[in-house]
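K.L.:
Residue numbers (full-length UniProt numbering): 1 to 329.
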Amino acid sequence: MATTDTTGPGGRRTDLAGLATEARRDDLSGIDEMATEAIVRTMNAEDRTVAPAVAAAAAAIAAAVDAVAARMARGGRLVYAGAGTAGRLGVLDASECPPTFNTDPEQVIGLIAGGPAAIRGAVENAEDDTRAAAADLDGLELSPEDAVVGVSASGRTPYSVAAVCCAAGRGALTVGVSSNPGSPLGDAADHAIEVDTGPELITGSTRLKAGTAQKLVLNTLSTVTMIRLGKTYGNLMVDLLSTNEKLRARAHRIVGMATGADDDEVDRALSAGAGDVKTAILTILGRVGAEEAGRLLDACGGRLRDAVETAARGDRIRPTPLSSEGSRQ
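(1) Just the C-alpha distance for Gly186 and Ala60, rounded to the nearest angstrom, thanks.
(2) Is the CB-CB distance between Asn102 and Leu285 below 8 Å?
(3) Whole angstroms is fine: what's the gap from Asn235's alpha carbon to Asp27's?
(4) From which residue to which residue does the beta strand (DSSP E) around Val175 run?
(5) Expressed to the nearest angstrom, what Euclidean distance is found between the alpha-carbon atoms of Gly326 and Pro184?
(6) Inspect the beta-carbon positions of Val175 and Asp190 and report whether they are closer than 8 Å.
(7) Could you check where the beta strand (DSSP E) with Ile254 kicks off and where it finishes?
(8) Among Ala272, Arg305, Val266 and Glu291, which residue has its Cα nearest to the Cα of Thr232?
(9) Give me the Cα-Cα distance between Ala86 and Gly289, rounded to the nearest whole angstrom.
(10) What does the Cβ neighbour count give for Asn125, buried or exposed, with the cut at 16 atoms within 10 Å?
(11) Here's a check: name, in chain order, each residue in its chain whose Cβ is nearer than 6 Å to the Cβ of Thr130, leaving out the five neighbours to either side.
(12) Is Ala280 closer than 8 Å to Val266 when the C-beta atoms are compared?
(13) In the DSSP assignment, find the unbroken beta strand (DSSP E) run with Tyr80 in it and report its ends.
(14) Where does Ala213 fall in DSSP's three states?
(15) What is the DSSP secondary structure of Gly75, reduced to helix, strand or coil?
(16) Under DSSP, the alpha helix (DSSP H) around Leu137 begins and ends at which residues?
(17) Roughly how many angstroms lie between the CA atoms of Ala51 and Leu216, to the nearest whole one?
(18) Less than 8 Å between the C-beta atoms of Val65 and Thr212, yes or no?
(19) What are the boundary residues of the alpha helix (DSSP H) that Leu240 is part of?
(20) Going by the CB atoms, is the gap between Val255 and Leu282 shorter than 8 Å?
(21) Sorted by chain position, which residues of the same chain lie with C-beta nearer than 6 Å to Val111's C-beta, five sequence neighbours on each side aside?
(22) Use the C-beta contact count for Ala35: other C-beta atoms within 10 angstroms, 16 or more gives buried, fewer gives exposed.
(23) For the beta strand (DSSP E) containing Ile193, name the first residue and the last one.
(24) For Ala274, which three-state DSSP category applies?
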């Protein structure tokens with residue numbers, strides 16, 4: 001995996017003129033003189049180009065997902081590393097996985113150059129601190145089962161490139177997400193996801209199209225990985241945590257949609273399963289008690305579809321000393 005000097009005088013990092021994300025749209029040089037609605041429509045037209053650009057990288061995204069999911073199935077972690085907008089988007093995606101997919105907070109992690117303070121405001125020179133990237137990853141004690149995703153619009157942010165290189169040195173899987181093809185980040189990673197979003201509406205403002213592309217790619221990486229890990233039943237969020245009234249109502253609705261049961265039966269199933277959506281669905285579809293449902297889910301690695309099919313065959317799981325939560329994903 002090749003690396004490139006991205007920081008020295010005359011290095012590729014300082015050669016902004018060669019980056020598609022830094023190019024100027026001459027046809028928009030008078031945008032400040034346009035009517036407000038015209039600017040809004042122009043920006044919306046630019047935004048509509050992002051999804052097709054992400055679609056063009058579908059094969060690369062899918063390959064990365066399969067590699068990440070295989071490691072997470074063996075207990076590995078998904079770690080995002082970025083600076084500025086890229087880092088904030090990584091932190092955002094990681095923070096949304098526990099309530100959506102009931103992942104452990106340490107299973108999907110977002111690292112941002114400059115630390116937590118950089119989530120709310122800029123931290124001077126943080127993106128250039130390669131030592132901090134190594135130190136942040138050292139704190140996680142990476143293993144070969146972990147996956148580190150470096151995120152950078154330019155594809156040459158020192159913090160992101162250093163994180164990927166550091167992770168590779170520890171045997172972890174590496175992914176590079178950028179908006180400039182042939183970037184140092186892509187070169188350094190096992191999987192390069194390079195979404196060519198082109199010049200920005202405001203020259204060099206990569207929180208716009210490049211940031212939108214990053215959000216779409218990270219959404220896809222985490223969501224499809226969780227689908228592969230059995231965190232959904234069809235397109236239903238069966239592993240969500242019911243931590244507030246809205247989510248408890250959603251859990252009730254999901255059980256009803258998955259089973260076709262009436263409200264009373266759904267309430268009984270959720271109550272018997274201590275609010276666990278998978279358990280409630282399995283008790284209804286598999287016609288088993290909550291304890292048996294828990295054992296079936298454990299035996300099937302937390303995959304509800306497999307557990308439903310096992311119950312349909314009439315298979316039963318003998319009780320073991322392991323708790324019903326012990327091996328579930």
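Ideal Cβ positions, reconstructed from N, Cα and C, are used throughout, including at glycine. Bear in mind the structure is a predicted one, so any value in this text is a computation, not a measurement.
P.N.:
In this structure, then:
(1) One-based indexing of the sequence shown puts residue 186 at position 186. One-based indexing of the sequence shown puts residue 60 at position 60. Using only the alpha carbons, I get a separation of about 11 Å.
(2) Against the sequence shown, residue 102 aligns to sequence position 102. Against the sequence shown, residue 285 aligns to sequence position 285. Not closer than 8 Å, so no.
(3) Here residue 235 refers to the residue found at position 235 when the sequence shown is read from its first residue. Here residue 27 refers to the residue found at position 27 when the sequence shown is read from its first residue. Looking at the backbone, the Cα of Asn235 and that of Asp27 are separated by about 43 Å.
(4) For the purposes of this step, residue 175 is identified with residue 175 of the sequence shown, where counting begins at 1. First-last of the beta strand (DSSP E) with Val175: Leu173 to Ser178.
(5) In the sequence shown, residue 326 corresponds to position 326, counting from 1. In the sequence shown, residue 184 corresponds to position 184, counting from 1. Because Gly326 carries a pLDDT of 40, less than 50, the predicted location of this residue cannot be relied on, and no value is offered for it.
(6) Here residue 175 refers to the residue found at position 175 of the sequence shown. Here residue 190 refers to the residue found at position 190 of the sequence shown. Yes. Within cutoff.
(7) Sequence index remark: in the sequence shown, residue 254 carries index 254 (1-based). Taken as a continuous stretch (DSSP letters only), Ile254 belongs to no beta strand (DSSP E), being part of the alpha helix (DSSP H) at Glu245 to Thr259.
(8) The residue given as residue 232 occupies position 232 in the sequence shown. A check of alpha carbon separations from Thr232 across Ala272, Arg305, Val266 and Glu291 identifies Arg305 as the nearest.
(9) Here the question's residue 86 lines up with position 86 in the sequence shown. Here the question's residue 289 lines up with position 289 in the sequence shown. When the Cα atoms are used, Ala86 and Gly289 turn out to be separated by approximately 46 Å.
(10) As a first step, residue 125 must be located in the sequence shown, where it is residue number 125. Exposed, by the Cβ-count rule.
(11) By one-based count along the sequence shown, residue 130 stands at place 130. Excluding residues within five positions, the ones whose Cβ falls inside 6 Å are Pro158 and Ala162.
(12) Position 266 of the sequence shown holds residue 266. Position 280 of the sequence shown holds residue 280. Result yes, Cβ atoms of Val266 and Ala280 sit closer than 8 Å.
(13) Stepping through the sequence shown from its first residue, residue 80 is reached at position 80. Unbroken beta strand (DSSP E) run through Tyr80: Leu78 to Gly82.
(14) Your numbering for residue 213 matches position 213 in the sequence shown. Three-state result, Ala213: helix.
(15) By one-based count along the sequence shown, residue 75 stands at place 75. In the structure shown, Gly75 sits in coil (DSSP, three-state: anything other than H, G, I, E or B).
(16) Residue 137 sits at position 137 when you count from the first residue of the sequence shown. Per DSSP, Leu137 belongs to the alpha helix (DSSP H) from Thr130 to Asp138.
(17) Position 51 of the sequence shown holds residue 51. Position 216 of the sequence shown holds residue 216. If I take the Cα positions, the gap works out to 8 Å.
(18) Within the sequence shown, the letter at position 65 stands for residue 65. Within the sequence shown, the letter at position 212 stands for residue 212. Taking 8 Å as the cut-off, the Cβ atoms of Val65 and Thr212 do not count as close.
(19) By 1-based counting over the sequence shown, the position of residue 240 is 240. Per DSSP, Leu240 lies in no alpha helix (DSSP H) and is assigned neither H nor E.
(20) Numbered from its first residue, the sequence shown carries residue 282 at position 282. Numbered from its first residue, the sequence shown carries residue 255 at position 255. The criterion of a C-beta distance shorter than 8 Å is not satisfied by Leu282 and Val255.
(21) Looking up residue 111 in the sequence shown gives position 111. Inspection of the sequence shows that residue 111 is occupied by Leu rather than by Val. Excluding positions up to five away in sequence, the list reads Ala81 and Asp136.
(22) Position 35 of the sequence shown, counted from the start, is the residue given in the question as residue 35. Counting Cβ neighbours within 10 Å, Ala35 comes out exposed, since fewer than 16 surround it.
(23) As a working note, residue 193 is residue 193 in the sequence shown. His191 to Glu194 is the extent of the beta strand (DSSP E) around Ile193.
(24) Here residue 274 refers to the residue found at position 274 when the sequence shown is read from its first residue. In the three-state reduction of the DSSP assignment, Ala274 falls in the coil class.
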